[in-house]
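Undergrad: Quick note: the sequence shown uses numbering that gives the first Met the number 0, first residue 0, plus one each step.
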Amino acid sequence: MQRLLRKLFYPAVFSGVYLAVVFLFSVCAYYLDMTDEALSVGAFVISVGCVLICSILTGKISEKNGWLEGMFSGMIFTGIIFVISVLLSSGDVDILKVAVRIPLFLLTSFIGGIMGINLK
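#1: I want to know whether the stretch 69 to 80 touches the stretch 49 to 61 - three or more CB-CB distances under 8 Å.
#2: What whole-angstrom Cβ distance do Phe13 and Phe76 have, given they're in contact under 8 Å?
#3: Mind checking Gly15: buried by the 16 CB within 10 Å criterion, or exposed?
#4: When DSSP labels each residue in this structure, what does Ser124 get in the three-state scheme?
#5: Return the chain-ordered list of same chain residues with a C-beta closer than 8 Å to the C-beta of Ile45, the five sequence neighbours on each side being excluded.
#6: Which same chain residues, not among the five before or five after Leu118, have their C-beta less than 6 Å away from its C-beta?
#7: Are the Cβ atoms of Gly48 and Ile116 separated by less than 8 Å?
#8: With a CB to CB cut of under 6 Å and the five nearest residues on each side skipped, what residues in its chain are close to Ser108?
#9: With DSSP collapsed to three states, give me the class of Met114.
#10: DSSP state of Ser88, grouped into three classes?
#11: Taking 8 Å as the limit between beta carbons, can you name the residues of its chain near Phe43, skipping five residues before and five after?
What follows is the structure, encoded as structure tokens:
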């Protein structure tokens, strides 16, 4: 049980970090009058960065199979972010964006898990 909680710690923490960074980004975007495309790209870069850091840290604390545990934490993080985005978008979800982003997030978390296990 403790091992499972340890695996869930970083995705939960980085979900909060993600929300804080996206909030700060949206405040800056409001005052800088950014376009919608720039907002979308910025939010995507922030998401990929948080997934990468989360999976690196998860892979770093794993005893073996860092790539697998990195992907596991990436899947959890992606699920949390997906649920948050569905709740905030009032149900209007672009399936094509989701179909492209989920494999990219999983690939990023796979690479982050490999990087984390090698940083030990």
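Note that the Cβ used here is the ideal one computed from N, Cα and C, for glycine as well.
TA: On the basis of the supplied data:
#1: At 8 Å Cβ cutoff, the stretches touch.
#2: Locating residue 13 in the sequence shown gives position 14, where the first residue counts as 1. Locating residue 76 in the sequence shown gives position 77, where the first residue counts as 1. Rounded, the Cβ-Cβ distance is 6 Å, consistent with contact.
#3: As a position in the sequence shown, residue 15 is number 16, starting the count at 1. It counts as exposed.
#4: No information on residue 124 is available, as it lies outside the stretch 0 to 119 that the chain covers here.
#5: Residue numbering aside, residue 45 sits at position 46 when the sequence shown is read from its first letter. Same-chain partners within the cutoff: Tyr17, Val20, Val21, Phe24.
#6: Counting from 1 along the sequence shown, the entry for residue 118 is found at position 119. A distance below 6 Å between beta-carbons, with the five flanking residues on each side excluded, links Leu118 to the following residues of its chain, in chain order: Lys59.
#7: Counting from one through the sequence shown, the residue named residue 48 turns up at place 49. Counting from one through the sequence shown, the residue named residue 116 turns up at place 117. Not a contact, by the Cβ cut-off of 8 Å.
#8: Here residue 108 corresponds to residue number 109 of the sequence shown, with the count starting at 1. Excluding positions up to five away in sequence, the list reads Val50, Ser54, Gly69, Met70, Gly73.
#9: As a working note, residue 114 is residue 115 in the sequence shown. Helix.
#10: Start at 1 with the first residue of the sequence shown, and residue 88 comes out as number 89. In the structure shown, Ser88 sits in coil (DSSP, three-state: anything other than H, G, I, E or B).
#11: The residue labelled residue 43 in the question sits at position 44 within the sequence shown. Hits under 8 Å: Arg100.
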